[in-house]
Amino acid sequence: MKKYMPRIADEVLTRRLEARGAVLIQGPKWCGKSTTAEQLAQSTIYMQDPSTREQNMMLAKADASRFLSGKTPKLIDEWQIIPFIWDAIRFEVDKRGEFGQFILTGSVTPPSSEEITHSGTGRISCMTMHTMSLFESGDSSGELSLQQLFEGTNEIQGTSNKNLEDLAFLTCRGGWPMAIGQKRNVALQQAIDYVESLVQSDYSKVDGISRDPRRMILILKSYARNLGTQANYSTIKSDIAANEENSINENTIASYISVLIKLFVTEDLCAWNPNIRSKTAIRTSNTRHFTDPSIAAAVLGLGPNDLMNDLKTFGFFFESLCVRDLRIYAQRLNGEVYHYRDKTGLESDAVVHLRDGRYGLVEVKLFSQDHIDEAAANLLKLQNKIDTSRMKKASFLMVLTGTPYAYKREDGVIVAPLTTLAP
Numbered sequence: 001m002k003k004y005m006p007r008i009a010d011e012v013l014t015r016r017l018e019a020r021g022a023v024l025i026q027g028p029k030w031c032g033k034s035t036t037a038e039q040l041a042q043s044t045i046y047m048q049d050p051s052t053r054e055q056n057m058m059l060a061k062a063d064a065s066r067f068l069s070g071k072t073p074k075l076i077d078e079w080q081i082i083p084f085i086w087d088a089i090r091f092e093v094d095k096r097g098e099f100g101q102f103i104l105t106g107s108v109t110p111p112s113s114e115e116i117t118h119s120g121t122g123r124i125s126c127m128t129m130h131t132m133s134l135f136e137s138g139d140s141s142g143e144l145s146l147q148q149l150f151e152g153t154n155e156i157q158g159t160s161n162k163n164l165e166d167l168a169f170l171t172c173r174g175g176w177p178m179a180i181g182q183k184r185n186v187a188l189q190q191a192i193d194y195v196e197s198l199v200q201s202d203y204s205k206v207d208g209i210s211r212d213p214r215r216m217i218l219i220l221k222s223y224a225r226n227l228g229t230q231a232n233y234s235t236i237k238s239d240i241a242a243n244e245e246n247s248i249n250e251n252t253i254a255s256y257i258s259v260l261i262k263l264f265v266t267e268d269l270c271a272w273n274p275n276i277r278s279k280t281a282i283r284t285s286n287t288r289h290f291t292d293p294s295i296a297a298a299v300l301g302l303g304p305n306d307l308m309n310d311l312k313t314f315g316f317f318f319e320s321l322c323v324r325d326l327r328i329y330a331q332r333l334n335g336e337v338y339h340y341r342d343k344t345g346l347e348s349d350a351v352v353h354l355r356d357g358r359y360g361l362v363e364v365k366l367f368s369q370d371h372i373d374e375a376a377a378n379l380l381k382l383q384n385k386i387d388t389s390r391m392k393k394a395s396f397l398m399v400l401t402g403t404p405y406a407y408k409r410e411d412g413v414i415v416a417p418l419t420t421l422a423p
């Protein structure tokens with residue numbers, strides 16, 4: 001049996017259980033939700049186990065209180081198979097009046113079902129789990145802590161032992177737990193299998209509506225081609241028409257993308273809306289991302305060598321890799337990640353914003369020194385546009401790279417290899 005690799009989600013789940021009666025862990029299939037939940041659970045029901053599924057369903061319907069009994073926290077894995085249990089858990093949490101009673105896991109957004117009458121607000125805390133970050137998989141030295149950057153550390157140092165070829169592999173491998181530590185071809189196969197599973201069956205389980213797998217593939221490919229951009233449905237429609245034999249209308253595209261969101265396949269970056277000194281119009285479109293960049297690579301049939309032969313595409317994929325890791329690290333700090341872009345073209349690829357109002361501005365550049373210089377200048381320009389009489393000054397400005405060394409420039413901007421970053 002593979003040894004459990006500690007996850008940042010372990011700490012997040014512990015905090016949530018200390019403050020709520022139940023915690024729902026959501027996230028993409030195969031990201032490790034069940035395994036992480038098992039580390040804290042004292043009793044477990046596996047709803048996907050064919051040997052006990054029918055008995056468990058019958059007991060849950062006949063006597064929910066008995067079904068929910070047992071040592072706590074009690075894990076109900078893939079709870080959405082019996083969505084009616086949501087209300088029973090909510091009631092049981094109220095009745096017991098204690099925190100840390102239940103853990104629910106699922107790979108689909110909670111259904112809007114007639115079998116669920118209450119939202120669970122105040123009783124059931126929802127947390128989203130991702131695939132593994134480079135720090136969790138042992139591919140980042142962790143010398144540069146995001147938390148320390150928010151605390152104002154002046155000790156900016158770190159050395160990456162990963163070159164561009166390594167980063168191309170890590171991007172295509174992704175953070176799937178089953179891929180970590182495997183032979184190269186086995187590791188790369190995990191994302192390919194994920195996409196095949198998604199197209200063959202997963203997408204039809206969300207709402208029971210029959211959809212064409214060929215259309216799903218076309219939309220996935222277009223999403224991957226527009227990775228890291230603010231492409232709208234019209235752009236995706238035009239992209240499909242230009243690159244494929246078939247065309248799809250915008251309503252159909254919206255319907256299929258809704259399924260991808262519910263399955264945690266795609267995870268766009270929302271726009272950040274700071275207080276700006278000028279009247280510059282801020283773009284509010286989301287930036288397109290998959291929950292893991294390896295999905296985009298698998299969808300397009302790209303491997304590490306393909307990325308090395310097309311550095312422009314590699315740049316977009318690397319940005320998505322950085323966004324994935326920043327999201328995971330920010331979650332530990334009670335933060336969220338956004339993007340900024342205004343009508344002048346000034347942007348920040350990622351804005352890490354904490355609950356207490358602190359934030360850091362991040363640009364992503366793969367390796368070019370000219371591009372790093374340009375990114376640093378843009379970050380300084382954006383910082384100067386923010387009205388610090390109405391909100392805090394940025395805790396840090398950082399350019400995330402695929403270069404070897406972490407350091408602070410004379411202008412105060414931090415340059416850091418992604419493979420030196422930690423929460």
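Position 34 of the sequence shown, counting from 1, maps to 34 under the UniProt record's numbering, and the rest follow consecutively. For glycine and all other residues, C-beta sits at the position ideal for the given N, C-alpha and C.
Counted within 10 angstroms of its Cβ, other Cβ atoms place residue i as buried (16 or more) or exposed
i: R16; result: buried
i: P6; result: exposed
i: E155; result: exposed
i: P293; result: buried
i: A22; result: buried
i: E11; result: exposed
i: N305; result: exposed
i: A191; result: buried
i: A338; result: Before going on, a small fix: residue 338 reads as Tyr here, not Ala. Buried, by the Cβ-count rule.
i: Y203; result: buried
i: Y407; result: exposed
i: residue 424; result: Here the chain comprises residues numbered 1 to 423, so residue 424 is not present and cannot be evaluated.
i: G412; result: exposed
i: Q48; result: exposed
i: M58; result: exposed
In DSSP terms, what residue i is bridged to
i: Y194; result: Its beta-bridge partners do not exist; DSSP assigns none.
i: T229; result: Its beta-bridge partners do not exist; DSSP assigns none.
i: I25; result: T105, M127
i: H339; result: A271
i: F91; result: Paired residues: none, contrary to the question.
i: E347; result: R341
i: S145; result: A422
i: I253; result: BP columns for I253 are empty, so no partner.
i: I282; result: D342
i: H353; result: E336, Y359
i: M398; result: V362, I414
i: G158; result: A406
i: Y46; result: D77
i: F290; result: T266
DSSP-derived helix/strand/coil call for residue i
i: K365; result: coil
i: D306; result: helix
i: D63; result: coil
i: I386; result: strand
i: G208; result: coil
i: L40; result: coil
i: F99; result: coil
i: L68; result: coil
i: Y4; result: coil
i: I236; result: helix
i: T52; result: coil
i: T266; result: strand
i: I217; result: helix
i: I85; result: helix
i: I295; result: helix
i: residue 484; result: With the chain covering 1 to 423 only, the question about residue 484 has no answer from this structure.
i: D139; result: coil
i: N163; result: coil
i: S201; result: coil
Chain D within 7 Å of residue i, Cβ atoms only
i: S125; result: Chain labels in this structure do not include chain D; a single protein chain is all it has.
Rounded Cβ spacing between residue i and residue j (contact assumed at less than 8 Å)
i: P177; j: G32; result: 5 Å
i: L263; j: V206; result: 6 Å
i: S160; j: T420; result: 6 Å
i: T284; j: K343; result: With 8 Å as the limit, T284 and K343 do not qualify as a contact, their Cβ atoms being about 11 Å apart.
i: Y4; j: Q42; result: Between Q42 and Y4 the Cβ distance is about 16 Å, and since that is not below 8 Å, they are no contact.
i: L300; j: A224; result: 5 Å
i: A9; j: M129; result: 5 Å
Closest Cα partner of residue i within the set the options
i: N334; options: R358, G315, F318; result: R358
i: A37; options: T72, L397, E92; result: T72
i: R20; options: A296, L59, F102, I76; result: F102
i: N185; options: F169, Y194, V195, S197; result: F169
i: A298; options: E196, A394, H339, T44; result: E196
i: D349; options: Q80, T109, R96, D268; result: D268
i: G106; options: P83, T344, W79; result: W79
i: D373; options: L397, M132, C172, K385; result: L397
i: R327; options: G315, N246, E18, G27; result: G27
i: R324; options: D166, F135, L24, M216; result: F135
i: I257; options: P274, F290, F316, L40; result: F290
i: I45; options: T14, I82, V399; result: I82
i: N286; options: K312, Y340, R332; result: Y340
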